[in-house]
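Structure record follows, encoded as structure tokens.
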């Protein structure tokens, strides 16, 4: 079993829809949770960062962490075609640098 | 402010040759990380370096792979005697390395895509 599980998709939704992306994990020591966006042939770009549990909002993006369920989510409101990309979750424990990654979910926003 | 730079962007090598991948961190960053990404898989941590020091190489294969970050110049990931299984995208990230901070954001370069024939 992988330490971080993420549905590879693709997830296809119409423009303007609310998108929900999720990851589950098995290591209860994880404390730092990130969401990265990766366009084709590009490097990952940090979208959201959360420490421990709770919610964090930044514009159209909301990240949620539920440590009791070992489950994290990224919500995208008013989705745009430019949001089409692969979204990767990443997390780490005490080290704060050795990130453990999900495989990524490919998201397609249809105009 | 230039971001993390990696070169070459694409590298083709025949089995048994050496591959050298270069990474120049963002201005002001002294911490460098290397990751490998196989198709349809997440990134895998390989090594964490500071200037002239290897901090954590627990993700590096024990043989054929080495990394350095000299006092001057870019960080180098070297793969000797490449095999077909080394074909992947190799990403470098850098951070400012704020000691004691709960957040030390890693910024990624565009990657080097290595193809071994």
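Protein chains in written order, with our numbering: chain A, 3 to 113; chain B, 432 to 548. Idealized CB from N, CA, C, for every residue including glycine. Note that the structure is predicted; figures quoted are calculated from it, not measured.
Q: Anything in chain B within Cβ reach of residue 106(A), meaning under 7 Å, just list it in chain order.
A: In the first chain, the residue the question calls residue 106(A) occupies position 104. Within 7 Å Cβ-Cβ: 473.
Q: Give me the Cβ distance between residue 86(A) and residue 110(A), rounded to the nearest whole Å; I'm assuming they're in contact under 8 Å.
A: Translated into the one-based positions of the first chain, residue 86(A) becomes position 84. Translated into the one-based positions of the first chain, residue 110(A) becomes position 108. Rounded, the Cβ-Cβ distance is 5 Å, consistent with contact.
Q: Measuring only between beta-carbons, confirm whether residue 517(B) sits less than 8 Å from chain A.
A: Taking the first residue of the second chain as 1, we reach residue 517(B) at position 86. No, its Cβ sits nowhere closer than 8 Å to a Cβ of chain A.
Q | Under 8 Å between C-beta atoms of residue 21(A) and residue 103(A) | A | By 1-based counting over the first chain, the position of residue 21(A) is 19. By 1-based counting over the first chain, the position of residue 103(A) is 101. No.
Q) Leaving out five residues before and five after residue 495(B) in sequence, what residues of the same chain have Cβ atoms less than 7 Å from its Cβ? A) Locating residue 495(B) in the second chain gives position 64, where the first residue counts as 1. Here the set comprises 510, 511 and 512.
Q) Is the Cβ-Cβ distance between residue 433(B) and residue 545(B) less than 8 Å? A) Residue mapping note: residue 433(B) aligns to position 2 of the second chain, counting from 1. Residue mapping note: residue 545(B) aligns to position 114 of the second chain, counting from 1. Not in contact: residue 433(B) and residue 545(B) (Cβ atoms no closer than 8 Å).
Q: For chain A, find out if any of its Cβ atoms is closer than 8 Å to the Cβ of residue 541(B); answer yes or no.
A: By one-based count along the second chain, residue 541(B) stands at place 110. Closer than 8 Å: yes.
**Q.** Residue range of the unbroken beta strand (DSSP E) whose run includes residue 64(A)
**A.** In the first chain, counting from the first residue as 1, residue 64(A) sits at position 62. 63-68 is the span of the beta strand (DSSP E), which, as asked, contains residue 64(A).
Q: Report yes or no: do the stretch 455-469 of chain B and the stretch 519-530 of chain B share at least 3 C-beta pairs separated by less than 8 Å?
A: yes
Q) If the cut is a Cβ gap below 7 Å, which residues of chain D does residue 464(B) touch? A) This model lacks chain D altogether, as its protein chains are A and B.
Q: Flag residue 549(B) as yes if its beta-carbon sits less than 8 Å from any beta-carbon of chain A, otherwise no.
A: The displayed coordinates of chain B run from 432 to 548. Any statement about residue 549(B) would go beyond what the structure contains.
Q: Closer than 6 Å by C-beta to residue 11(A): which residues in its own chain qualify, once you throw out the five before and the five after it? Chain order, please.
A: Numbered from 1 along the first chain, position 9 holds the residue referred to as residue 11(A). The answer, listed in chain order, is 107 and 108.
(Q) Taking CB distances under 8 Å as the criterion, tell me whether residue 69(A) reaches chain B. (A) Position 67 of the first chain, counting from 1, holds the residue named residue 69(A). No, because no Cβ of chain B sits closer than 8 Å to the Cβ of residue 69(A).
Q: Going by CA-CA distance only, name the one from 60(A), 62(A), 16(A) and 94(A) that's closest to residue 2(A).
A: Since the displayed chain A opens at 3 and closes at 113, residue 2(A) lies outside it and no answer follows.
**Q.** Selection of the stretch 29-52 of chain A by Cβ proximity to chain B, strictly under 9 Å
**A.** 33, 34, 36, 38, 40, 43, 44, 45, 46, 47, 48 and 51
Q: Determine the contact status of residue 40(A) and residue 76(A), defining contact as a CB-CB distance below 8 Å.
A: Position 38 of the first chain, counting from 1, holds the residue named residue 40(A). Position 74 of the first chain, counting from 1, holds the residue named residue 76(A). Cβ distance not < 8 Å, so residue 40(A) and residue 76(A) don't count as in contact.
Q.
Applying the 10 Å Cβ sphere with the 16-neighbour rule, what's the burial state of residue 533(B)?
A. Here the question's residue 533(B) lines up with position 102 in the second chain. For residue 533(B), the pLDDT reaches just 48, beneath the cut-off of 50, and the residue's location in the model is therefore unreliable, although a value from the coordinates is still provided. Residue 533(B) comes out exposed.
(Q) With a threshold of 8 Å between beta carbons, is residue 10(A) in contact with chain B? (A) Your numbering for residue 10(A) matches position 8 in the first chain. Output row for residue 10(A): interface = yes.
(Q) For residue 487(B), tell me which candidate among 470(B), 465(B), 473(B) and 502(B) has the shortest Cα-Cα distance. (A) Your numbering for residue 487(B) matches position 56 in the second chain. Of the listed residues, the one whose Cα sits closest to residue 487(B) is 465(B).
Q: Mind listing, in chain order, the continuous beta strand (DSSP E) runs of no fewer than 3 residues lying wholly within the stretch 36-92 of chain A?
A: 47-53, 56-60, 63-68 and 73-78
Q | Short CB-CB distance (under 8 Å) between residue 479(B) and chain A | A | For the purposes of this step, residue 479(B) is taken as residue 48 along the second chain, with counting starting at 1. It does; some Cβ of chain A falls within 8 Å.
Q. Residue 476(B) CB to nearest chain A CB: under 8 Å?
A. Locating residue 476(B) in the second chain gives position 45, counting from the first residue. Yes - at least one Cβ of chain A is within 8 Å of the one on residue 476(B).
Q: Compare the C-alpha of residue 8(A) against each of 59(A), 74(A), 67(A) and 112(A) and name the closest.
A: By 1-based counting over the first chain, the position of residue 8(A) is 6. When each option's Cα is compared against that of residue 8(A), the closest is 74(A).
Q: Kindly list, in the order they appear in chain B, the residues whose Cβ is closer than 9 Å to that of residue 90(A).
A: Along the first chain, read from residue 1 onward, the residue named residue 90(A) stands at position 88. Under the 9 Å cutoff, chain B gives 473 and 474.
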